[in-house]
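**Q**
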Amino acid sequence: MREITLSQAVNEALAEEMRRDPTTFILGEDVAEAGTPFKVLSGLVEEFGTARVIDTPISEPGFMGLAVGAAMTGARPIVDLMFGDFIFLIMDQLCNQAAKIHYMSGGKLNVPLVLRTNMGATRRSAAQHSQSLQALVAHIPGVKVAMPSSAYEAKGLLKTAIRDNNPVVIFEDKLMYQDKAPVPEEEYLIPFGVANVKREGSDITLIATSSMVQVAEKAAATLAKEGIECEVIDPRTIVPLDEATLIASVKKTSRAIVIDEGHQSYGVTSEIASRLNEKAFYYLDAPVVRMGAMDVPIPFSPALEDLTVPTPEAVADMARKLCAGDMIHAA
Amino acid sequence: MREITLSQAVNEALAEEMRRDPTTFILGEDVAEAGTPFKVLSGLVEEFGTARVIDTPISEPGFMGLAVGAAMTGARPIVDLMFGDFIFLIMDQLCNQAAKIHYMSGGKLNVPLVLRTNMGATRRSAAQHSQSLQALVAHIPGVKVAMPSSAYEAKGLLKTAIRDNNPVVIFEDKLMYQDKAPVPEEEYLIPFGVANVKREGSDITLIATSSMVQVAEKAAATLAKEGIECEVIDPRTIVPLDEATLIASVKKTSRAIVIDEGHQSYGVTSEIASRLNEKAFYYLDAPVVRMGAMDVPIPFSPALEDLTVPTPEAVADMARKLCAGDMIHAA
Amino acid sequence: MAKAKTNTEDYLRMYRQMVRIRTFEDNANQLYLNAKMPGLTHMYSGEEAVAVGICEALTDDDRITSTHRGHGHCVAKGANFKEMFCELLGKEEGYCRGKGGSMHIADQSHGNLGANAIVGGSMGIATGSALRAKLLGQDDVTVCFFGDGATAQGLLYEVMNMAALWNLPVIYACENNGYSEYTKTEEIAAGSITARAEAFGIEAFKVDGQDVLAVNELTQKLVARCRKGEGPFFIELETYRYHGHHVGDINREYYRTKDEEKSWKEDRDPIVRFRGYLVEQGIATEDELEAMNAEIAKDASEAVAYAEQAAYPDGSEVNMHVYAD
Amino acid sequence: MAKAKTNTEDYLRMYRQMVRIRTFEDNANQLYLNAKMPGLTHMYSGEEAVAVGICEALTDDDRITSTHRGHGHCVAKGANFKEMFCELLGKEEGYCRGKGGSMHIADQSHGNLGANAIVGGSMGIATGSALRAKLLGQDDVTVCFFGDGATAQGLLYEVMNMAALWNLPVIYACENNGYSEYTKTEEIAAGSITARAEAFGIEAFKVDGQDVLAVNELTQKLVARCRKGEGPFFIELETYRYHGHHVGDINREYYRTKDEEKSWKEDRDPIVRFRGYLVEQGIATEDELEAMNAEIAKDASEAVAYAEQAAYPDGSEVNMHVYAD
Ligand SMILES: Cc1ncc(C[n+]2csc(CCOP(=O)(O)OP(=O)(O)O)c2C)c(N)n1
Ligand SMILES: Cc1ncc(C[n+]2csc(CCOP(=O)(O)OP(=O)(O)O)c2C)c(N)n1
Ligand SMILES: [Mg+2]
Ligand SMILES: [Mg+2]
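Protein chains in written order, with our numbering: chain A, 1 to 331; chain B, 332 to 662; chain C, 663 to 987; chain D, 988 to 1312.
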């Protein structure tokens, strides 16, 4: 199968859906001729014109608000938010408006919009351009949250998102835009709420989101050589969360590590770990361990930044300890 | 000891600290003559004047930004955010700016500001005036988060917050403003990061924040009559979190329920439950259970709204099941 | 007062709609005072000519966005009393199945995109509705209602900039009732409100918000121009709210005088003024108008009685409508 | 060009500071091209007269807030090369101990409240600093630097409103370099930028940002008026960035022509212009200025060499400075 980059996969998904549905359009900063600073959207304005690939002023709350209104009245806006860190600027429009309008109207109004943004540290971009803020959005009922872990996932999840009748936020890892993966020429969709078992194993379950799937797979490869068989699962969407698949795996392996690039405390890993603890408690041989980013603003200096995110080595170390039955945490 | 309302306690804390430190001032909508819609600040403008009790336009991002700048340059602003739901509007100033400036400046700049806001449903205020958004703030390193559970706590925590050299967000429960509690005339402070064991018990630990402390205490009283002894703990601050006290209690009781009025998923209860599971795993006789608000926008209708938040009855039911050893969750 | 017109039917409908709003609010206030209404509510009484003057210049395809003080917009855009009172009381038959209440009330089928409890929260929504119209080649116009206090929200300037750049068919209708909660507008708004819109290249107008015909005429003109692609526009409407900021705001002397309230009510009431005009112009007699008032009062009390009896939503609804299918 | 002055020392310092900025940026760009600098950076080259003209009108007690394009402000407000290059390379001796990098660089001890990677993110901070001055009876002034693109952030209008209402000692300095990333300002800014400030009752000025004396004279006047309680003010400075939006933005023809770049560089360069003026007025000779340039170049390369050798922060620092004591 042909291999394309995550960036190309996103671009294809957008082009296909924009061809299919004339009510779709893209809204964001430098999305047209520039194709965004990451060049993810290159070529779209040439095909769809500036009426449907709209360069906005640097007004994140404003254009997010426009997207909500357009979505409520019959269009399907796809918002491009240049850095995930800017989500703090649009929280009101996303969480007080988009997320609640369907409910507050008793089901009468819909807000079918997609917010594409990104996440991920180690790009030497410092504290305001490196955050992975998916937990914040996931906490608010009414929004769905997708976290693609490869080009294949990015395309299928984005197409599903565009057809969804709810606000969907997609966090792409900005360091993965040039990563290639096999992506079929034929159309496909990836349903929300269906986790992807990337690798089967019997000793421990590694649940990982986005770029952390690669981290988990690398750890699993290392561990396999040592005779530890990891099951690696990518939830794909954290809202809705495919709890059943995760729980079934943990019942089988009796151990789990949850890995996500957001800050660890009050983060994504806490939610997933809690559900496993609640619903697979009697099957667990060891505590479910969370591995998120350190609870510090992301520092600029490479000497510090690299310390803040989970690595394959750290995951493998932790898995070894859990499998060895070390009571690593309990005092 | 005299009893005063939570509202009076907050008012006293502000007055005392403003007398003590001339660099403190209050900034917010209708804080001066009106004393806020909740009348919590009544009388302060009369004592401190409009130069230090400042009515702002309805510009939440703007006045939050002003507070950050004032704090960085030698003042101690105390921001009044009328409803906790409006925190979505100021997330950028709070989380991209205030929370990170000390770190990004390598420790050179400080942001000693207090953001007082509120939380709590069942006031029939619908989806945009009923949220309990503490989890969002707690996820961002660099901010501290306090959740007073009584008039006594509100006064002591607020005074500590005002003297802290970091951004602190205090969530007051808006339904508790008229609740009375004994509050000494003498000055006192309540340190951050020290949980309060409200009731000792040996069978199960109920960890509860803010108004949920009352809910837990009511459940505990009911259960005591049935011979189930609950330990009730109020963490007081969720950042920093007094993990040690919580873990020690759970090691003793072997069971726990965590109760908070924020949405359950990706919420405060998930973090606390995760830490207990990680660090007291081998002492647990049952899964740690989370009880948060339902994952739905808060509905207006009383017939629906009352269903969304944890009640003493629900907590007691859950505690009974856990103590009876029912494998309540595992399939 | 604007000059006479011959369209009797339109005038009588405007009168009727203003009276319907006043009547709705009087009943809502009574429900609050009798502790029959959950929560609080913000009365539109005194501002009727604004909502009616504007909405009567719109078709059902045109959209509006409303505010926390939204009953007036809701009635003016074509809603029924029954579903409105049901919503106010949190009943299943309410426009939002009881999930929205006063602060989110809207008859969505008539193009009302919702009342909003975030001040300024709907400015983006209104502008986005206009963007959608342009994008899809539809010729409807969107009116964004908001208060003087809401002009302090930065969002307004962000969306006005985009509306101006892209010539969107949106009208920003600033209901300047002189107060933002318990604070006078002049204490929280520097400079000039219309100049702010003009600085973005938007034509801005100031109009007497107590004169329904003046409001309606201006709006008709601007709506027509919007449909020709000449939008956006900005209107500042000078008006007054008779009640407190919300129904619980009873002792108001610390922020505004009784004299001031009296003079607005007695000298500039939009309904009284328009009624005088209708009679004077021979468009209707006092008796006819009284009969209309009585009929509206009856409608309202029947709707209130209905709503009081109506069922609450079933508990199972709490989980419904979080996500659309 | 503004008229001559007798203050030779001031003039030479302005010249020196402009050359220091240009030299800093040339070295930073080289570090990037040589893959010695982590991340990206935004060059201030071409805009030197703005930062220098303004900062030379300030004292060390006066504050500024800076932007993503912040090296120029940092130098102009009194920073040293050594700590700046260390910061750029993420070294422990950097102004922010390597934690901030290019987008957060600041010599805090000279009143620089920080560069900001959120466009418009420091508008509140600057205005709050001015509020603090007023509150505590201090007479310093705060200058808020931001770009033309940042005028699209609603926050600006919120804080200008408060600054105007409360007469705060803040100067909003809009560096209009014609572009917001890869988009021309006229495509994303409707109306008039100065009119927007004026609509809030703020006196606004437009000045040639390539003329350091014009910038400096105007700023001196406005700073003095701010100290007398006559603030706030707004200045739009017409300027140009010579490099791409950031160092990686190399192929720019799709959004601006080489001719345009050439004409700004050749006809309006702030350093060349000011240098000609200094020589013409007999304030300095070509040789003296060349010597100054050479000295600055040497300083810079020494600082670069130092920074390249300097130590990274110890790993244990990652957890430090999350909270202040
Ligand atoms: C973002 C936000 N801030 C504050 C409030 C609280 N609040 C509700 S109405 C109001 C005053 C609004 O004034 P104005 O816009 O003039 O409308 P009016 O009430 O006069 O109709 C305030 C401050 C809110 N609902 N939303
Ligand atoms: C809130 C926010 N939105 C978008 C960006 C990405 N961004 C960085 S610089 C920039 C352009 C800024 O233009 P302008 O304000 O004119 O400053 P200039 O770069 O021209 O100096 C953009 C869009 C950002 N950093 N912050
Ligand atoms: Mg008003
Ligand atoms: Mg620019």
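Backbone N, C-alpha and C fix where the C-beta goes; we use that ideal spot for every residue, glycine too.
Quick check: the Cα distance between D1047/D and N165/A, rounded to an integer number of angstroms?
**A** 56 Å
**Q** For the stretch 1163-1215 of chain D, which segments carrying the alpha helix (DSSP H) assignment without a break, of at least 4 residues, lie completely within its bounds, in sequence order?
**A** Listed in chain order, the complete alpha helix (DSSP H) runs (minimum 4 residues) inside the stretch 1163-1215 of chain D are 1172-1175, 1180-1186, 1199-1214.
**Q** Against chain B, with Cβ distances strictly below 9 Å, would G267/A count as a contact?
**A** yes
**Q** Candidates L827/C, G760/C, S791/C, M765/C: which alpha carbon is nearest R76/A's?
**A** S791/C
**Q** Bridge partners for D411/B per DSSP, in chain order?
**A** G359/B, R447/B
**Q** Which residue's Cα is closest to the Cα of A15/A: V288/A, K198/A, G292/A, K159/A?
**A** K159/A
**Q** Do M785/C and E718/C have their C-beta atoms closer together than 9 Å?
**A** no
**Q** Would you kindly report the start and end of the unbroken beta strand (DSSP E) that includes M403/B?
**A** Note, M403/B: premise wrong, no beta strand (DSSP E); alpha helix (DSSP H) at 391-403.
**Q** Identify the contact partners of H766/C in chain B, using a Cβ-Cβ distance below 9 Å as the criterion.
**A** A457, A458, Q459, F631
**Q** Note down, in chain order, every chain D residue with its Cβ under 7 Å from the Cβ of M294/A.
**A** Result: V1305.
**Q** Given a cut-off of 9 Å on the beta-carbon distance, is the pair V145/A and V169/A in contact?
**A** Contact: yes.
**Q** CB of D504/B to nearest heavy atom of ligand 3: below 8 Å?
**A** no
**Q** Quick one: Cα of P312/A to Cα of P1257/D, how far?
**A** Approximately 52 Å, taken between the alpha carbons.
**Q** Can you tell me which of G1188/D, I1180/D, I1189/D, F1192/D puts its alpha carbon nearest to the alpha carbon of F862/C?
**A** Comparing Cα positions, the closest option is I1180/D.
**Q** List in chain order: all unbroken beta strand (DSSP E) runs of 3+ residues lying wholly within the stretch 577-628 of chain B.
**A** 587-594, 620-624
**Q** Sorted by chain position, which residues of the same chain lie with C-beta nearer than 7 Å to E12/A's C-beta, five sequence neighbours on each side aside?
**A** K155
**Q** Which chain B residues are close to Q815/C, counting only those with a beta carbon under 7 Å from its beta carbon?
**A** I389, S390
**Q** Got a sec: which bits of the stretch 1209-1226 of chain D sit with their beta carbon under 9 Å from any beta carbon on chain C, in order along the chain?
**A** none
**Q** So which residues of chain D does D326/A contact, with C-beta pairs closer than 9 Å?
**A** Within chain D, no residue comes near D326/A; the closest Cβ sits about 24 Å away, beyond 9 Å.
**Q** What's the C-alpha gap between I1270/D and A1184/D?
**A** 38 Å
**Q** Would you check whether ligand 4 has a heavy atom nearer than 8 Å to the C-beta of T1172/D?
**A** yes
**Q** On a Cα-Cα basis, can you pick out the residue from R682/C, T670/C, N669/C that is closest to M954/C?
**A** R682/C
**Q** Please tell me whether L446/B has its Cβ less than 9 Å away from any Cβ of chain C.
**A** no
**Q** Distance, Cα to Cα, I833/C vs E865/C?
**A** About 10 Å.
**Q** Excluding the five sequence neighbours on either side, which residues of its own chain have a C-beta within less than 7 Å of the C-beta of V45/A, listed in chain order?
**A** A32, E33, V53
**Q** Using three-state DSSP, classify R725/C as helix, strand or coil.
**A** strand
**Q** Taking E892/C as the reference, which of V803/C, G853/C, D769/C, V877/C has the closest Cα?
**A** It is V803/C.
**Q** P513/B lies in the beta strand (DSSP E); which residues open and close that run?
**A** Per DSSP, P513/B belongs to the beta strand (DSSP E) from 511-513.
**Q** Buried or exposed: which applies to N1238/D, given that a residue is buried once 16 or more other Cβ atoms fall within 10 Å of its Cβ?
**A** exposed
**Q** Indicate the three-state DSSP secondary structure (helix, strand or coil) for G809/C in the structure shown.
**A** strand
**Q** What are the partner residues of R530/B, as DSSP defines its beta bridges?
**A** V563/B
**Q** With the cut-off set at 9 Å, would you say N1163/D and G1124/D are in Cβ contact?
**A** no
**Q** Taking 8 Å as the cut-off, does the CB of Y1166/D come closer than this to any heavy atom belonging to ligand 4?
**A** yes
**Q** In whole angstroms, give me the CA-to-CA distance for I958/C and L875/C.
**A** One C-alpha to the other measures close to 21 Å.
**Q** Using a Cβ-Cβ cut-off of 6 Å (strictly less than) and excluding sequence neighbours within five positions of K251/A, which residues of its own chain qualify?
**A** The residues are A280, Y283.
**Q** Given this structure, state the Cα-to-Cα distance separating E557/B from M332/B, to the nearest angstrom.
**A** Cα to Cα, the separation comes out at about 32 Å.
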